[in-house]
Structure formats: C-alpha cells, structure tokens
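To keep things clear, I will list the structure first and then write my remarks on it.
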Amino acid sequence: LKTLGELTARSREHDVQVMVEGPGHVPFHLIAENVERERQWCHDAPFYLLGPLVTDIAAGYDHITSAIGGTMAAYHGAAMLCYVTPKEHLGLPDLEDVRQGVIAHKIAAHAADIARGRPGARDRDDALSRARAGFDWKRQFELSLDPTAACAMHDETLPGEAFKTTEYCSMCGPKFCAMRLSRSLRQPPQPSDET
C-alpha cells in the first residue's frame with residue numbers, strides 16, 4: 010500500500026486519475042485496518058478490492074468468502090467491490106460463475122449500505138418484509154435480488170399457481186408458519202355464538 014501511495018502521488022502530480030486496487034486475501038479482523046491504511050497512505054484515492062477473501066479453504070465457494078470480506082471493506086469505506094467467482098483459483102469462469110459472483114457481491118454491497126445508514130438502502134428490504142408478512146408471493150419474487158431463482162426455489166416444493174396464494178411455504182408448512190401464527194395472535198378474538 011505504501012508503494013501504491015507513492016504511485017498515486019506521482020500520478021496526481023501529472024493530473025492522472027487513480028483508483029487503488031487492494032489485496033485479494035485479508036483476514037477478516039484486518040480488513041478495517043487495511044482500508045484505513047489505504048486511505049492514509051494512498052491520499053484518499055478510491056479503493057476497490059477483490060473481496061477480499063477472508064479464508065483460503067473454500068475452493069469452489071470463493072464468491073462467498075469474498076463477499077464476506079467485501080461487506081466489511083465496504084462498511085469501512087471501500088469505494089467499489091470487484092466480484093469474485095466460485096471458480097476463482099480453480100479455472101476460467103463461465104457465465105453462471107460470473108452471475109453467482111455478481112449476485113454475492115451485490116448482496117455484500119447492499120448489506121454494507123444498510124449498515125452505513127445509506128438513505129433508501131432499507132426500502133427494498135422493508136417492502137419485501139411487508140410482502141412476506143402478507144404472503145404476497147408475487148411481490149416477494151419481484152423484490153428479490155434474483156426473482157427467477159426465488160420463484161424456482163419456491164416452486165420446487167410447492168409447484169403450481171395455487172401455491173402462489175398460500176399463507177405458508179414448505180419450510181414450516183401451514184401449521185407452523187411463524188408469520189401466520191403471529192398474525193393470528195395480533196388479531197382480536199372473534200366473539201362466539203355462545204356469548
């Protein structure tokens with residue numbers, strides 16, 4: 010980072026814009042310090058990271074370890090996250106690998122935006138929570154980061170249009186749905202014919 014800081018200063022002397030690429034592998038507990046040092050040593054140049062990956066044991070799942078690190082880096086002020094695919098360190102990614110990497114890092118960036126209190130960051134989450142509590146499956150799918158995948162996962166165990174209006178999913182079923190039970194507890198008791 011110190012060398013990158015020197016190069017940043019030299020570039021700026023010649024009116025060259027600079028963005029600094031950070032390391033791709035940083036233990037979780039050192040990410041905040043790494044971002045802060047970049048800010049100091051690189052003269053507040055925009056900082057982007059490939060994650061960073063927080064562990065090296067997850068071959069085939071580097072998009073997840075990278076997104077974990079990316080959330081922390083973005084929370085502490087990284088300007089941009091560069092996605093990492095599941096095939097990182099294993100092979101050339103295909104289109105599905107890229108899609109998985111981008112989705113993981115969109116989640117990471119969104120989580121950091123929420124944690125940083127970015128205006129409007131929670132709006133979609135709140136809308137999805139309301140749709141979930143109201144069993145509005147169509148709206149839940151629409152608000153999901155990957156509507157096609159969300160709908161397909163729902164339909165694997167509850168296929169057919171009739172199940173898009175049910176007040177439960179296959180995880181808890183109709184008897185044990187926490188949202189359904191909570192709603193019934195909030196409703197005032199109905200008078201019976203005997204009273």
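First residue of the sequence shown? That's 10 in the working numbering, and the numbers climb one at a time after it.
Backbone N, C-alpha and C define an ideal beta-carbon position, used for all residues, glycine too.
In this text, all values refer to a predicted model and were calculated from it rather than measured experimentally.
Relative to Asp24, the option among Leu16, Gly31 and Glu30 whose CA is nearest is Leu16. The beta carbons of Thr166 and Phe144 sit no closer together than 9 Å. A Cβ-Cβ separation of about 5 Å places Ala54 in contact with Val27 under the 8 Å criterion. Going by C-alpha positions, Cys181 is about 19 Å away from Glu170. The C-beta of Thr94 has 16 or more other C-beta atoms within 10 Å across all chains shown, which makes the residue buried.
Under the 10 Å beta carbon count, Thr74 is surrounded by 16 or more other beta carbons and is classified as buried. The criterion of a C-beta distance shorter than 9 Å is not satisfied by Asp122 and His72.
The Cβ atoms of Glu30 and Leu58 sit closer than 9 Å to each other. Burial is judged here by how many other beta carbons sit within 10 angstroms of a residue's own beta carbon; Glu22 has fewer than 16 and is exposed. At a Cβ-Cβ threshold of 9 Å, Ala76 and His114 count as neighbours.
Judged by their CB atoms, Gly78 and Val111 are not nearer to each other than the 9 Å cut-off. Cβ contact annotation for Trp146 (same chain, cutoff 6 Å, sequence separation greater than five): Lys173, in chain order.
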